[in-house]
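Report on the structure given below.
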Amino acid sequence: MNAEDELPEAYEPTQVDENGEINLVELIEDEMILELPQVAMHDDADCNVGSANMSFGEIPVADERPNPFAVLKNLKK
648 MNAEDELPEA YEPTQVDENG EINLVELIED EMILELPQVA MHDDADCNVG
698 SANMSFGEIP VADERPNPFA VLKNLKK
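Each number in my numbering comes from the position in the sequence shown (counting from 1) with 647 added on.
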């Protein structure tokens, strides 16, 4: 049985360096990164996008434009 198994469940094991010290900067940085949201969002009240700018349902297919690199095919021949 190692010391990690003896910890109460409320505690989390942490890594120590060769001197038995905890790198607080690294620990705090890791905790701050974990607290960041996975997707950046804003409050709905702060949203400047109206429903006129949103697309609902199927998005219309854009007209097919000529490929600008089609001219290069002729140079290869």
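We treat Cβ as the ideally placed atom computed from N, Cα and C, and that holds for glycine.
Straight-line Cα distance separating VAL696 from VAL718: 40 Å
Output the distance between the C-alpha atoms of PRO655 and GLY667, rounded to the nearest integer angstrom. Their backbone Cα atoms lie some 20 Å apart in a straight line.
Going straight from the alpha carbon of LEU683 to that of ASP690, what length do you get? 16 Å
Measuring straight from C-alpha to C-alpha, what distance separates LEU671 and ALA657? 19 Å
Which residue marks the beginning of the alpha helix (DSSP H) containing ASP677, and which one marks its end? 671-682
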